[in-house]
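In the numbering used here, the protein residues as written are 88 to 525.
Positions of the beta carbon are idealized from the N, C-alpha and C atoms, including for glycine.
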Ligand SMILES: [Zn+2]
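As structure tokens, then:
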């Protein structure tokens, strides 16, 4: 069996080619394509993929995030005519994220809306634990508890390979966490002592705060802002985090930290994904749709002005993470100038080059947005909510599975090196491009 990790870490995407019994399967094909030119991003090994597209018998997508799906339309444009397997929620989420990536693209995207629709047509839903048999190679999805519908991929051919993709070890508001999914579960015994495990390492050098700590921190920020008569703006990712935040606020109210009369609003792409999340709630640990639907109120375009100007105590959850979207920018411009308000970035990692990074780490008191000067008088806070595992969770998972060979991907050099120190017995491969035979 031949395994090639095709993507480089510096292009922030995952693509893994598995060749076995003269057949190839591809797991994920992600690149943040809208930020780069085709020629720049498709260097090295990825270019080779174009030549062997006809040999690929199946494509498996672990979850909808663009660093795992962003180049899927390109695969179809190159002539891939097989199925793209994923869990049920991943299909509509992927389509919407891809369409949005074309819409917000700074460069000319190298695929069209039509290519996205072709890719969506090829997508087939697979249940967790269901075996997809590609004439001898069996592929099974296990829940990775990262976002709604996210999965690990287990491949059984000549050898057994586990690709973890992004996973959350600990419990969150929406998911049980891989830790509790494994505890007492016989299903996971099959993964033990697999021949190869390819594991993510995004937060391999970080110790993340737990759910209780984060809920308390968030609740206190909201409470003190409301006491001053201010508004809280929470800027988050679009899929899971808005619901995570909304349910944390609900918990804060139940614990009497946040006043009961607070209103929680949601706007932007986050509001659209929130509806999908309610539809697919059986993939979360929140089974009652009313718990989710009552936690937030959607804002229409016409209601925005009135919402900003009224004095009711409120929290506004907006997508457009790191202030990279029109909705979060709109609210930021309106709310940043008032010292009574608080702006919360609900992220554990704010990338360099984003406006949020400039504000949080550059300690800027004035920024220019679309030509307008915006003075920042509001309190600016980060609440490091993460849907990844920290080094403790990653190490525990490896020790539980005890793979015969371990490859670390999807993380910085520092992150992999830090993690490798805790996993010396497994002698992990930490190179940025990996091709190996097992
Ligand atoms: Zn992800």
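Can you name the residues that DSSP bridges to residue i?
i           : result
residue 104 : 91, 113
residue 461 : 454
residue 238 : 230
residue 363 : In DSSP, residue 363 forms no bridge with anything.
residue 210 : 171
residue 198 : None; residue 198 has no bridge partner.
residue 146 : 113, 171
residue 284 : 249, 493
residue 432 : 322, 469
residue 354 : 405
residue 522 : 91
residue 220 : 225
residue 315 : Residue 315 is not bridged to any residue.
residue 384 : 352
residue 516 : 494
residue 243 : 225, 247
Round the Cβ separation of residue i and residue j to the nearest angstrom and send it over; I've been treating them as touching at under 8 Å.
i           : j           : result
residue 237 : residue 150 : 4 Å
residue 318 : residue 428 : 5 Å
residue 224 : residue 112 : 6 Å
residue 181 : residue 474 : The Cβ separation is near 17 Å, so there is no contact.
residue 188 : residue 157 : 7 Å
residue 343 : residue 505 : That belief does not hold up - the Cβ atoms of residue 343 and residue 505 are roughly 40 Å apart, past 8 Å.
residue 420 : residue 456 : 6 Å
residue 525 : residue 90  : 7 Å
residue 478 : residue 290 : 7 Å
residue 430 : residue 382 : Actually they are not in contact, since the Cβ atoms of residue 430 and residue 382 sit about 21 Å apart, beyond 8 Å.
residue 295 : residue 435 : 6 Å
residue 334 : residue 472 : About 11 Å; that fails the 8 Å criterion.
residue 255 : residue 460 : With a Cβ gap of about 40 Å, residue 255 and residue 460 do not count as contacting.
Return yes when at least one heavy atom of ligand 1 lies under 7 Å from the C-beta of residue i, else no.
i           : result
residue 235 : no
residue 115 : no
residue 452 : no
residue 152 : yes
residue 253 : yes
residue 155 : yes
Taking 8 Å as the limit between beta carbons, can you name the residues of its chain near residue i, skipping five residues before and five after?
i           : result
residue 437 : 409, 443, 444, 447, 448, 469
residue 385 : 352, 353, 354, 358, 361
residue 110 : 142, 144, 221, 222, 223, 224
For residue i, count neighbouring C-beta atoms within 10 Å of its own C-beta (all shown protein chains included) and say buried if the count is 16 or more, exposed if not.
i           : result
residue 126 : Because residue 126 carries a pLDDT of 48, less than 50, the predicted location of this residue cannot be relied on, and no value is offered for it.
residue 514 : exposed
residue 200 : exposed
residue 207 : buried
residue 354 : buried
residue 235 : buried
residue 413 : exposed
residue 257 : buried
residue 230 : buried
residue 276 : exposed
residue 273 : exposed
residue 306 : buried
residue 178 : buried
residue 216 : exposed
residue 519 : exposed
residue 426 : exposed
residue 252 : buried
By Cβ distance below 7 Å, which residues in the same chain neighbour residue i in space, the five residues on each side in sequence not counted?
i           : result
residue 137 : 165
residue 418 : 320, 403, 405
residue 407 : 322, 355, 413, 414, 415, 416
residue 368 : 374, 376, 379
residue 503 : 288, 291, 495, 517
residue 399 : 350
residue 313 : 346, 349, 400
Residues in the same chain with beta-carbon distance under 6 Å from residue i, minus the five sequence neighbours each way, listed in chain order, please.
i           : result
residue 184 : 151, 153
residue 175 : 212
residue 510 : 485
residue 120 : In this predicted model, residue 120 has a pLDDT of only 46, less than 50, meaning its place in the structure is not dependable; the value taken from the coordinates is given anyway. Correct list, in chain order: 157, 158.
residue 102 : 93, 94, 115, 116
residue 325 : 356, 357, 360, 406
residue 243 : 225
residue 493 : 284, 513, 515
residue 162 : 116
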